[in-house]
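Numbering (our numbering), first residue to last: 53 to 132.
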């Protein structure tokens, strides 16, 4: 929805569909992280191993993003 709305917006249509897509993504992110916090603090569903896995997952995601942008800019500066 967000990508389709952005493409339509680039072709001089309204921003409504892209804005609706952004709102849906933001609400989904909010509800996802709300549930993660509820499960870990209030319900006690996260064991030490699960919490460690979440930390490792976030760390690996950040490292992968760093390497992605590093390779992108490396290729850009190498070709210029």
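Ideal placement from N, C-alpha and C gives every residue a C-beta, glycine not left out. Because the structure is a prediction, the values reported are computed rather than measured.
CA-to-CA, the gap between residue 87 and residue 114 works out to about 22 Å. Annotation for residue 54: the continuous alpha helix (DSSP H) segment containing it runs 54 to 62.
Excluding the 5 residues flanking it on each side, residue 58 has same chain C-beta neighbours closer than 6 Å at 70, in chain order. In terms of Cα proximity to residue 73, the closest of 96, 60 and 89 is 60. Rounded to the nearest whole angstrom, the C-alpha separation of residue 106 and residue 55 is 29 Å.
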